[in-house]
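Residue numbers (our numbering): 7 to 118.
We put the beta carbon where it would ideally sit given N, CA and C, even for glycine.
Here is the structure we will look at.
Structure (structure tokens):
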């Protein structure tokens with residue numbers, strides 16, 4: 007699956023109800039830290055195209071971003087990355103914690 011642009015809460019629900027784990031990145035296109043996190047996220051997703059993944063741009067889809075925080079019971083941060091599994095947050099990180107290596111480790115831990 008390719009990475010999708012998440013523009014509605016229905017698309018968030020689709021990721022939450024995925025048969026397997028799915029990634030969700032909240033991204034700010036006005037932040038250098040978010041830009042670096044986005045690059046790491048894309049590198050991981052390019053190497054794992056079979057894993058569902060979505061990106062919410064907080065400037066253009068603020069309501070969706072805030073709904074995610076509410077729905078997942080997580081405080082809003084940007085950038086912020088979630089590994090979703092079984093309809094809940096299996097793992098989350100933000101800012102400089104968003105790396106391809108951290109994603110690999112989180113995904114491996116979920117398989118164990």
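Within the same chain, show all residues whose beta-carbon is closer than 6 Å to that of residue 60, passing over the 5 residues directly before and after it, in chain order. The beta carbon of residue 60 sits closer than 6 Å to those of 10, 12, 21, 30, all from its chain and outside the five residues before and after it, given in chain order.
Do residue 18 and residue 70 have their CB atoms nearer than 8 Å? yes
What does residue 67 pair with, by DSSP beta-bridge criteria? Residue 67 is not bridged to any residue.
Buried versus exposed call for residue 111 [16 or more other C-beta atoms within 10 Å across all chains shown]: Flag for residue 111 reads exposed.
Quick check: what's the CA-CA separation for residue 34 versus residue 85? 6 Å
Residue 42 - containing alpha helix (DSSP H), residue span: 38 to 53
Taking 6 Å as the limit between beta carbons, can you name the residues of its chain near residue 50, skipping five residues before and five after? 106, 109
If residue 89 and residue 113 are in contact, beta carbons under 8 Å, what's the gap, nearest whole angstrom? 7 Å
The beta strand (DSSP E) that contains residue 95, what's its start and end? 94 to 100
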